[in-house]
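First up is the structure itself, then whatever we jot down about it.
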Amino acid sequence: MVVFNYISLILFILFTLTTARFQIGDESNALDGTNNAVHLSKNDLYFLNYKYENYQDAKVDVKLYYECLCQGCIQFDKNQFNPVVQKLNQYLNINLYPYGNAKTIEHDGQYEFKCQHGPPECYGNKLHACAIDYLQNITKAVQFNACMMDYKSNDDAADRCAKSMSLDSSPIKTCAKNERGTQLLKYYGDESKKANFSFVPYILINGKLNSGDNFMEDVCAEFSVPPPPCVDLYSSPEYFHENE
38 MVVFNYISLI LFILFTLTTA RFQIGDESNA LDGTNNAVHL SKNDLYFLNY KYENYQDAKV
98 DVKLYYECLC QGCIQFDKNQ FNPVVQKLNQ YLNINLYPYG NAKTIEHDGQ YEFKCQHGPP
158 ECYGNKLHAC AIDYLQNITK AVQFNACMMD YKSNDDAADR CAKSMSLDSS PIKTCAKNER
218 GTQLLKYYGD ESKKANFSFV PYILINGKLN SGDNFMEDVC AEFSVPPPPC VDLYSSPEYF
278 HENE
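Per the numbering used here, residue 38 is the first one in the sequence shown, and the count goes up by one each step.
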């Protein structure tokens, strides 16, 4: 069973119920369901607000090292990573590293790459890197790259996914074909070497290696005060059935 702070969860639920029930203008005019005044002290309001700010500010750090044509990476991204990011993005610090088990080779100041799944994967990784660079929005980049992985992470995939998200794919493709894409992929290669992994997807949650099997639960377990999507998870019948 995933261990988390039950007291914090209860406090958060009380906060949610309180704010949903009372529309508070000041201490003297809050009403309950029977139109009777409900008096909340300044200390009460401060405490509830503190708990809210606490889970807003304490973000969980997530790092994903992957390569775009790896089947395990594709399945994890599609079934776990992208759905969780779309639910929890405002509570996460997300870093993507589209390089995987590739190799960087330097010749007279020029770089070339050898990827596990051949040149198409090296180019696809560049598309992913350029999307992160161009979009400057990690949530959109995760969504865009997850979409591309469904369609082989090539130019056609970039066009299709950009259209579905009302984006322009041209700058991303141009980047992947020029020096900018090369420099970005080299950067992700250097960062991947620092992580010193031997397999992908390689997932870190707050610096701890994660299998990715129960990604949502494992991310939620890192919050001292669980945000609403985690509360929804913990209160779902499926969660209680799985953790009986």
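Yeah, the Cβ is synthetic: ideal placement off N, Cα and C, and Gly gets one too.
Beta strand (DSSP E) segment containing alanine 247, residue limits
Position 210 of the sequence shown holds residue 247. With the sequence shown as reference, residue 247 is identified as asparagine, and alanine is not the correct amino acid for it. From DSSP, the beta strand (DSSP E) with asparagine 247 extends over 245-247.
According to the Cβ coordinates, are glycine 161 and asparagine 191 closer than 8 Å?
The residue you call residue 161 lines up with position 124 of the sequence shown. The residue you call residue 191 lines up with position 154 of the sequence shown. Yes.
According to DSSP, is phenylalanine 181 part of a helix, a strand, or is it coil?
Translated into the one-based positions of the sequence shown, residue 181 becomes position 144. Of the three classes helix, strand and coil, the one that applies to phenylalanine 181 here is helix, per DSSP.
Would you identify the three-state DSSP class for glutamine 147, choosing helix, strand or coil?
To locate residue 147, count along the sequence shown from 1; it is residue 110. Note: glutamine 147 maps to strand in three-state DSSP.
In whole angstroms, give me the CA-to-CA distance for aspartate 98 and glutamate 254.
Along the sequence shown, one-based indexing puts residue 98 at 61. Along the sequence shown, one-based indexing puts residue 254 at 217. C-alpha separation (whole angstroms): 14 Å.
Is the number of C-beta pairs between the segment 146-155 and the segment 248-264 that are closer than 8 Å three or more?
no
To which residues of the same chain is asparagine 138 closer than 6 Å at the C-beta, ignoring the five residues directly before and after it?
Here residue 138 refers to the residue found at position 101 when the sequence shown is read from its first residue. The answer, listed in chain order, is Gln153.
Using a 10 Å radius around the Cβ and a threshold of 16 neighbouring Cβ atoms, would you call glutamate 104 buried or exposed?
By 1-based counting over the sequence shown, the position of residue 104 is 67. So glutamate 104 counts as buried.
Considering only DSSP beta bridges, list what aspartate 250 is partnered with.
The count along the sequence shown starts at 1 and reaches residue 250 at position 213. Aspartate 250 pairs with nothing; no bridge assigned.
Is lysine 163 closer than 8 Å to tyrosine 134 when the C-beta atoms are compared?
Looking up residue 134 in the sequence shown gives position 97. Looking up residue 163 in the sequence shown gives position 126. Cβ atoms of tyrosine 134 and lysine 163: not closer than 8 Å.
Taking the alpha-carbon of proline 208 as reference, which of Ile169, Asp114 and Val179 has the nearest alpha-carbon?
Translated into the one-based positions of the sequence shown, residue 208 becomes position 171. Minimum Cα distance to proline 208 is reached at Ile169.
Spell out whether any CB of chain C is found under 8 Å from the CB atom of tyrosine 160.
Note that chain C does not occur in the displayed structure, where there is just one protein chain.
Quick check: the Cα distance between lysine 96 and lysine 245, rounded to an integer number of angstroms?
Your numbering for residue 96 matches position 59 in the sequence shown. Your numbering for residue 245 matches position 208 in the sequence shown. Rounded to whole angstroms, lysine 96 to lysine 245 spans 15 Å at the Cα level.
For the beta strand (DSSP E) holding valine 262, just list the boundary residues, first then last.
In the sequence shown, residue 262 corresponds to position 225, counting from 1. Neither: valine 262 is in no beta strand (DSSP E) and is coded neither H nor E.
Please name the residue or residues paired with asparagine 130 in a DSSP beta bridge.
Position 93 of the sequence shown, counted from the first residue, corresponds to residue 130. Looking at the DSSP assignment, asparagine 130 forms a beta bridge with Asp98.
So glutamine 114 packs on methionine 202, CB below 8 Å; how close in whole Å?
Taking the first residue of the sequence shown as position 1, residue 114 is located at position 77. Taking the first residue of the sequence shown as position 1, residue 202 is located at position 165. In the sequence on display, residue 114 carries aspartate and not glutamine. Not quite, the Cβ-Cβ distance comes to about 16 Å (not below 8 Å), so this is no contact.
How far does the alpha helix (DSSP H) with leucine 125 in it extend, from its first residue to its last?
Here residue 125 is taken as the residue at index 88 of the sequence shown, counted from 1. Run containing leucine 125: 119-125, per the alpha helix (DSSP H) assignment.
DSSP state of tyrosine 271, grouped into three classes?
Looking up residue 271 in the sequence shown gives position 234. Three-state DSSP puts tyrosine 271 in a helix.
Less than 8 Å separating the beta-carbons of lysine 177 and alanine 195?
Translated into positions along the sequence shown, residue 177 becomes position 140. Translated into positions along the sequence shown, residue 195 becomes position 158. Taking 8 Å as the Cβ cut-off, lysine 177 and alanine 195 do not qualify as a contacting pair.
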